[in-house]
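Have a look at the structure below before the remarks.
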Amino acid sequence: MSLNEADTRAKLIDPALHRCGWTEDLIRREETARGIEIIDGKPRRRERGRTDYLLRVRVNISSQPVAIALIEAKRDDEPPDKGLEQAKKYARLNHVPFVYSSNGHLFVEYNHFTGKTTEPLPLDDFPTPNELHKRYEHGIGFSLETENAKPLLAFYPGGEASRRYYQDAAIRAALENIAQGKKKLLLYLATGSGKTFIAVHLLKKIADAGQLRRALFLCDRDELRSQGLAAFQHVFGADAAEVTTSNPQKNARILIATYQTLNVAGEAEDAKFFIENYPENYFSHIIIDECHRSAWGKWSIVLRQNPEAVQVGLTATPRSFEGGTEEERREDEEITANNLRYFGDPFYEYDMAQGIEDGYLPACEVIRREVNIDLTGVSREDLERRVLKDATTGQFLGISDVDREHYGAPSFENIIQLPDRVKTMCSGFFEMLLQTGGPHQKTVIFCTRDTHADAVAAEMNNLYADWCAANGEQRLEPYAFKCTAAGDGSQYIADLRGSERSHFIATTVDLITTGVDVPILRNVVFFKYVRSPISFQQMMGRGSRIHLPTNKLMFRVYDYTDATRLLGEGFVSRASPTREIKGRGETKKEKIIRVEGFDVHINPAGVYIVTKKEGRLAMVTLEEYKQMLAERLVEELKTPEDFRKYWINPQMRKGIMDMLPDGERGLRLFRELANRLDYDLYDVLAEIGYGVTPKSRVERVEALSYKHGAWLKSLPEKTTDTLLALAKQFEIGGTDELENPYVFSAPDVVRAGGFEVLKNLGNPNEIINETKRRLFAG
222 MSLNEADTRA KLIDPALHRC GWTEDLIRRE ETARGIEIID GKPRRRERGR
272 TDYLLRVRVN ISSQPVAIAL IEAKRDDEPP DKGLEQAKKY ARLNHVPFVY
322 SSNGHLFVEY NHFTGKTTEP LPLDDFPTPN ELHKRYEHGI GFSLETENAK
372 PLLAFYPGGE ASRRYYQDAA IRAALENIAQ GKKKLLLYLA TGSGKTFIAV
422 HLLKKIADAG QLRRALFLCD RDELRSQGLA AFQHVFGADA AEVTTSNPQK
472 NARILIATYQ TLNVAGEAED AKFFIENYPE NYFSHIIIDE CHRSAWGKWS
522 IVLRQNPEAV QVGLTATPRS FEGGTEEERR EDEEITANNL RYFGDPFYEY
572 DMAQGIEDGY LPACEVIRRE VNIDLTGVSR EDLERRVLKD ATTGQFLGIS
622 DVDREHYGAP SFENIIQLPD RVKTMCSGFF EMLLQTGGPH QKTVIFCTRD
672 THADAVAAEM NNLYADWCAA NGEQRLEPYA FKCTAAGDGS QYIADLRGSE
722 RSHFIATTVD LITTGVDVPI LRNVVFFKYV RSPISFQQMM GRGSRIHLPT
772 NKLMFRVYDY TDATRLLGEG FVSRASPTRE IKGRGETKKE KIIRVEGFDV
822 HINPAGVYIV TKKEGRLAMV TLEEYKQMLA ERLVEELKTP EDFRKYWINP
872 QMRKGIMDML PDGERGLRLF RELANRLDYD LYDVLAEIGY GVTPKSRVER
922 VEALSYKHGA WLKSLPEKTT DTLLALAKQF EIGGTDELEN PYVFSAPDVV
972 RAGGFEVLKN LGNPNEIINE TKRRLFAG
């Protein structure tokens, strides 16, 4: 009988590694997020996620081991190189140069430094730690025993449990680049994946190696400064301080400041505060948070004044954009051009698609809507039949005051206000809130301009007040509120993030577009037309954080303006642009008109799952996603019988889950959206892949009693009672509940006799497996 991947590793690969000198302290098992699933309204941890096996080397017992290789195990009856391409991807994510794939008998090696792959070799010829150590140093260009390499060998404060695998990879990548003498570094990490954590621990390792003199953490908003200060003080204590206009904090080692505080925010400012307080090369290290938002104007003096400093840019913006209209390209190039020109290509990248796949970012459902008036626009003829007003003064206007023959949807609420449209869109969204959990869901609605944000907030408050009155509920106020720069909205962000009894719906233009951390956010709504894929991704990123205290494992995007057409579109790697980005010139100021009397209605335009497709984020319908699941499942397991055999074995079942699009997380989201919550994942997959008529968990337990009654009666009465009690646990939570290590502590199972009764009959695992086989029988 062939060995599966887990057995190949345990029985063949690990012993061979040990014989070659790879002791357990040099083997690191990096496991992606352990998901938290909600069963019957209660959260419960499940063991899940991809496990990457890394090989590490260390200089001495008192130094942090450095990861340099990754091994992918395959079944022992498969070719040794079958997993190599997959392993290369995982190696890039883990930032290691040597990649191995093995079937337990032979192995192949890919060397990133040379770009070459070996022929299959006997596993006993696997490189020793000393051999791989020397090859790593030769390829990287420095010895781990040199002064420059010391930060790589510094430990994480509190150990490695606090960091995620990609955060460690990004920190190692940065430290390798710095050790090689590079001064300008760019890091691209998806929103919600922990850029600030990386910044803090990067500087901590440098400081512990005795190589940090003074560091500046620079951001462009007070809210980001407050978040950064808390993170740095957690690790550095009083050594980290916030710069204010009255206190330059010259005694601190880590300074956290905004461009505005340093007087370097724009062309009109003279940088006097910065120049007077911080002489040339005052800082040894500078980290620029959300550098894609930077003006690249006067504030660049911070970099010019510190040419000897290591300068790191952090961004959630991909490298470049290709495709779309000329205007879309220009808008995105304006965001990215200076980053690329100054810093060069990112030294490490971790995007939202990978974060969702790994389970560190929440799953996403997209609900699209079409607004009839947006499809047709508003013509001059439409306006001739209606009363027009000046939106600012309220004065009546004539048709001669209208500047255009036709108003397209992107101009709505910007230069033409349509109150009927606002009311209909708000009413439609409020109904969606009621259908998906109630009105008290933390939400951001992106609006066209400040006046639009005011109107949406007012209408959402009116709808909420009516709902409370109709249902006898106490109003929790403020409910909806404007959160824009012009409205001093930053003062409300803390309430949006932290208050459970107020500040539920934030209407904004762009204040919450980037950087602001609101993990509890459940809905991102587009009432605003968005041209830029990069801007769209930043807006969508506001919802891309898991929040365990409120069991938030997914978020929804409500799209009324076709913004999600930009999801995953056109992000490619490209050489840094060298041409100058030209301005757009003066725009004539148009009179803003207000007009009522339109019949506005909204039609459904589809529900989608966000998944990774061909390496990018993409939206797929439930039917398309179902097809993706089916193709992948049947490719590996040809028949329902094969599938059932794999499902009963926990290790083999985990292998099934890992190979599916988005893994188990995606399957569970599909089950929810397909209204199959009463069914075990086994039945969901069996129906998708093989057309097997699904049975609910209740139906399977009932079938066990009457279809296998003779078998149950052949067992001792206590054993039968215990097995039926265990089956009841399956009825509650499916396969997960049946295999929960605490299942024998369930009151019903204890009363029936529990584990001791099964032991009396022989091997409890064999009895449970036989029960599972019968439970999942046709």
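Residue 791 in our numbering sits at position 570 of the sequence shown, and the numbers go up by one each step.
Note that the Cβ used here is the ideal one computed from N, Cα and C, for glycine as well.
None of these values were measured; they are calculated from a predicted model.
Does DSSP put residue i in a helix, in a strand, or in coil?
{"i": "H768", "result": "strand"}
{"i": "L275", "result": "strand"}
{"i": "E306", "result": "helix"}
{"i": "G413", "result": "coil"}
{"i": "S917", "result": "coil"}
{"i": "E586", "result": "strand"}
{"i": "V176", "result": "It is not possible to answer for residue 176, since the shown part of the chain is limited to 222 through 999."}
{"i": "K610", "result": "strand"}
{"i": "F725", "result": "coil"}
{"i": "E634", "result": "coil"}
{"i": "E252", "result": "strand"}
{"i": "V737", "result": "coil"}
{"i": "L618", "result": "strand"}
{"i": "Y628", "result": "strand"}
{"i": "K980", "result": "helix"}
{"i": "Q285", "result": "coil"}
{"i": "L742", "result": "coil"}
{"i": "G580", "result": "coil"}
{"i": "K875", "result": "helix"}
{"i": "H673", "result": "helix"}
{"i": "Y311", "result": "helix"}
{"i": "A998", "result": "coil"}
{"i": "G762", "result": "helix"}
Check each candidate in the options and name the one with the smallest Cα separation from residue i.
{"i": "I637", "options": "D622, F650 and P500", "result": "D622"}
{"i": "Q470", "options": "L437, K493, N502 and R442", "result": "L437"}
{"i": "Y779", "options": "L769, M761 and P754", "result": "M761"}
{"i": "V922", "options": "E252, R994, R562 and G629", "result": "R994"}
{"i": "A370", "options": "Y386, G380, R385 and A394", "result": "A394"}
{"i": "D671", "options": "R696, K610, T705 and E591", "result": "T705"}
{"i": "N870", "options": "E960, V665 and P567", "result": "E960"}
{"i": "D738", "options": "S364, K610 and S711", "result": "S711"}
{"i": "E586", "options": "V828, T614, D346 and N281", "result": "V828"}
{"i": "L238", "options": "Q307, S223, D566 and D345", "result": "D345"}
{"i": "R786", "options": "R886, S753, Q656 and L774", "result": "S753"}
{"i": "I714", "options": "E570, R763 and C668", "result": "R763"}
{"i": "T940", "options": "P699, L982, H929 and L396", "result": "L982"}
{"i": "D883", "options": "P699, A584, A924 and L604", "result": "A584"}
{"i": "R562", "options": "R589, G708 and G534", "result": "G534"}
Identify, in the order they occur along the chain, each residue of the same chain with its Cβ nearer than 6 angstroms to the Cβ of residue i, setting aside the five sequence neighbours on each side.
{"i": "D1000", "result": "The question about residue 1000 has no answer here: the residues shown for the chain are numbered 222 through 999."}
{"i": "T782", "result": "F747 and Y750"}
{"i": "E801", "result": "Low confidence applies here, because E801 scores a pLDDT of 38, under 50, leaving its location unreliable and the question unanswered by this model."}
Could you check how far apart the C-beta atoms of residue i and residue j are, in whole angstroms? I think they sit under 8 angstroms.
{"i": "V816", "j": "R607", "result": "5 angstroms"}
{"i": "L894", "j": "I988", "result": "With 8 angstroms as the limit, L894 and I988 do not qualify as a contact, their Cβ atoms being about 36 angstroms apart."}
{"i": "I879", "j": "R442", "result": "With the sequence shown as reference, residue 879 is identified as Asp, and Ile is not the correct amino acid for it. So it is not a contact: roughly 40 angstroms between Cβ atoms."}
{"i": "G450", "j": "A459", "result": "Correcting the residue type first, residue 450 is Leu in the shown sequence and not Gly. With a Cβ gap of about 12 angstroms, L450 and A459 do not count as contacting."}
{"i": "L439", "j": "Y480", "result": "7 angstroms"}
{"i": "R826", "j": "T832", "result": "Reading off the sequence, residue 826 comes out as Ala, not Arg. Not quite, the Cβ-Cβ distance comes to about 19 angstroms (not below 8 angstroms), so this is no contact."}
{"i": "L327", "j": "P348", "result": "Rounded, the Cβ-Cβ distance is 14 angstroms, inconsistent with contact."}
{"i": "D273", "j": "N315", "result": "6 angstroms"}
{"i": "L639", "j": "F819", "result": "6 angstroms"}
{"i": "S414", "j": "Y581", "result": "6 angstroms"}
{"i": "E634", "j": "H673", "result": "4 angstroms"}
{"i": "L925", "j": "L996", "result": "5 angstroms"}
Under 7 angstroms Cβ to Cβ from residue i, same chain only, skipping five residues before and after it: list those, please.
{"i": "I289", "result": "L276, R277, V278, V317, P318, F319, L353 and Y357"}
{"i": "A428", "result": "none"}
Residues in its own chain within less than 8 angstroms of residue i by CB, not counting five upstream and five downstream?
{"i": "K303", "result": "K295, S322 and N324"}
{"i": "R601", "result": "I620, V623, R625, E626 and H627"}
{"i": "T613", "result": "I813"}
{"i": "E958", "result": "I260, Q950, F951 and V964"}
Would the C-beta of residue i count as close to the ligand PLP, meaning under 6 angstroms from any of its heavy atoms?
{"i": "Y685", "result": "Absence of the ligand PLP is noted for the structure shown, with no ligands found whatsoever."}
| field | Contiguous alpha helix (DSSP H) assignments of at least 4 residues, all confined to the segment 334-377 | value | Correct list: 350-361.
| task | Could you name each continuous alpha helix (DSSP H) segment of 4 residues or more that falls completely within the segment 394-443, going from the start of the chain to the end? | result | DSSP runs (the alpha helix (DSSP H)) wholly in the segment 394-443: 416-429.
| task | Go through the segment 905-953 residue by residue and report every complete run of the alpha helix (DSSP H) that reaches 4 residues or more, in order. | result | The qualifying runs are 918-928 and 930-934.
| request: Report the residue ranges of all alpha helix (DSSP H) runs contained in full by the segment 636-668; include only those spanning at least 4 residues, in chain order. | output: For the segment 636-668, whole alpha helix (DSSP H) runs of length 4 or above, ordered along the chain, are 640-656.
| Which runs of the alpha helix (DSSP H), 4 residues or longer, sit entirely within the segment 803-869? | Listed in chain order, they are 843-857 and 861-869.
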